[in-house]
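In the working numbering, the protein residues as written are 59 to 381.
Here's the structure we're looking at; comments come further down.
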């Protein structure tokens, strides 16, 4: 009798933990920061097949994620569900629209408030093209560097979202233990759905892999601002100092941050400090106290720190420390 295989895994992150979320996409590291207050919960699923893999995550609160895909694989990414388009590398991308990333490409992504489920399929270029030729009779138009996105018709977007959901549902129903024949059937269903979605849109216009000069300039300013603010996490936010360091007006910096993150640089700085504090509390030594950690990170008013922390993460700092 054929030996069973276990390509499916699932785990839940209950309460925001940036370290636990680093490897949500196979063989990558995506740094993530919580962007809204409340209790965070993420349900993460992974399907691993002989020639490709699928990762999916359902998040209860919006986050900002930044990372790069692997050197040897194409990434096909999308929002399976989101109430409004998500921000990805400076563009707004609706649910069901496929983003195609060349090998070793970067992704910075932020959903808007509301439930969000994403999916990423990682596959070698030659395997994807082989499947495309077999299924649609030609190779796909894939970027050699960077990424591109193509608007999908509503029916095509729905078919892909349905295909991903059904593949995950079938794997979960089998509790991770399936035969080689079932694995092959799941593989064909899932890969076929992605090939169909890309092939029906890749003959039309696409947002190219190379961003415009304006997009590059905006992204460069935001990245420089992030680097500056990360170096100032132990100090109060100073809008004028940030503007002078960037050589950009305060109002323009505010607009750029609201476009990228949904809030201004002051709120970004505060959330970054609180995210840093949560990481420190989760990984504290037994002799560390909330007071020690808060003061070390520049929070001078402990009562105010505790209130802000509870508002964002849904629990008191001391409760995080006890985990």
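Ideal Cβ placement from N, Cα and C applies to all residues, glycine included.
query                                                                                                               : result
Which listed residue (301, 100 and 122) has its alpha carbon closest to that of residue 409                         : As shown, the chain starts at 59 and ends at 381. That puts residue 409 outside it, with no answer to give.
Residue 367 classed as buried or exposed, judged by whether at least 16 other C-beta atoms fall within 10 angstroms : buried
Inter-stretch contact (C-beta, 8 Å, three-pair minimum) for the stretch 335-353 and the stretch 298-311             : no
Residue environment, residue 287, which counts as buried when at least 16 other CB atoms sit within 10 Å            : buried
Spatial distance of residue 378 from residue 340 (CA atoms)                                                         : 6 Å
Candidates 185, 306 and 202: closest to residue 107 by CA position                                                  : 185
Opposing strand residues paired with residue 89 [DSSP bridges]                                                      : 124
CB-CB length for residue 159 against residue 121, believed under 8 Å                                                : Actually they do not touch by this definition, with Cβ atoms about 19 Å apart.
Limits of the unbroken beta strand (DSSP E) element including residue 312                                           : Counting along the chain, residue 312 falls outside any beta strand (DSSP E), though it belongs to the alpha helix (DSSP H) covering 308-319.
Bridge-paired residues (DSSP) for residue 166                                                                       : 124
Unbroken alpha helix (DSSP H) run spanning residue 250, endpoints                                                   : 238-257
Bounding residues of the alpha helix (DSSP H) (the contiguous stretch that carries residue 225)                     : 212-231
Residue range of the unbroken alpha helix (DSSP H) whose run includes residue 72                                    : Run containing residue 72: none in the alpha helix (DSSP H); it sits in the beta strand (DSSP E), 66-72.
Nearest to residue 199 (by Cα), restricted to the options 300, 338, 256 and 87                                      : 256
Whole-angstrom distance between residue 338 and residue 372, CA atom to CA atom                                     : 17 Å
At least three beta-carbon pairs within less than 8 Å, the stretch 82-99 to the stretch 325-339                     : yes
Anticipated Cβ contact below 8 Å, residue 104 with residue 84, distance rounded                                     : 7 Å
Assigned secondary structure, residue 299 (DSSP; H/G/I helix, E/B strand, else coil)                                : helix
Cβ of residue 189 within 8 Å of any chain B Cβ                                                                      : Considering every chain present, this structure includes no chain B. It has just one protein chain.
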